[in-house]
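Report on one structure; see the data block that follows.
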Amino acid sequence: MLDIDLTEKDTTEIFIVPQGHFFAMGDNRDRSADSRFPAVEGAGIGIVPQANLVGKAWFMVFSTDGSAEWLLPWTWFTAARLDRIGHAI
Numbered sequence: 004m005l006d007i008d009l010t011e012k013d014t015t016e017i018f019i020v021p022q023g024h025f026f027a028m029g030d031n032r033d034r035s036a037d038s039r040f041p042a043v044e045g046a047g048i049g050i051v052p053q054a055n056l057v058g059k060a061w062f063m064v065f066s067t068d069g070s071a072e073w074l075l076p077w078t079w080f081t082a083a084r085l086d087r088i089g090h091a092i
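All residue numbers for the sequence shown refer to the numbering used here, where the first residue is 4 and numbers rise by one.
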């Protein structure tokens with residue numbers, strides 16, 4: 004998660020996701036237009052109906068232990084969880 008600073012996006016209501024729907028959360032919390040916000044232009048995507056999902060995740064592309072610094076790319080290598088990269092989901 005990339006948490007830039009404290010914004011209104013850091014505190015939201017509790018969501019109840021109806022059966023047959025998904026809640027999508029962006030990993031860049033301060034700049035993600037995800038399911039925390041209504042499905043209107045420039046706001047978010049809202050709760051996503053299962054019928055709208057057309058793809059399937061096959062494997063993990065990259066994963067870190069959380070110690071990497073976003074603006075220091077060389078720290079990504081020491082923080083990489085090598086046992087998860089390329090792992091089938």
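C-beta: ideal position from N, C-alpha, C; glycine also. As the structure is a prediction and not an experimental result, all values here were calculated from the model.
Anticipated Cβ contact below 8 Å, residue i with residue j, distance rounded
| i | j | result |
| --- | --- | --- |
| residue 65 | residue 92 | Actually they are not in contact, since the Cβ atoms of residue 65 and residue 92 sit about 13 Å apart, beyond 8 Å. |
Residues that residue i bridges to, as DSSP identifies them
| i | result |
| --- | --- |
| residue 18 | In the DSSP output, where bridge partners are listed per residue, residue 18 has none listed. |
| residue 24 | 52 |
The segment 48–68 in contact with the segment 22–38 per 3-pair CB rule at 8 Å: Result yes; three or more Cβ-Cβ pairs closer than 8 Å.
Ordered list of beta strand (DSSP E) runs contained in the segment 33–85, each at least 3 residues: Runs found: none.
Cβ contact (3+ pairs, closer than 8 Å) linking the segment 32–45 and the segment 11–21: Flag = yes, the segment 32–45 and the segment 11–21 touch.
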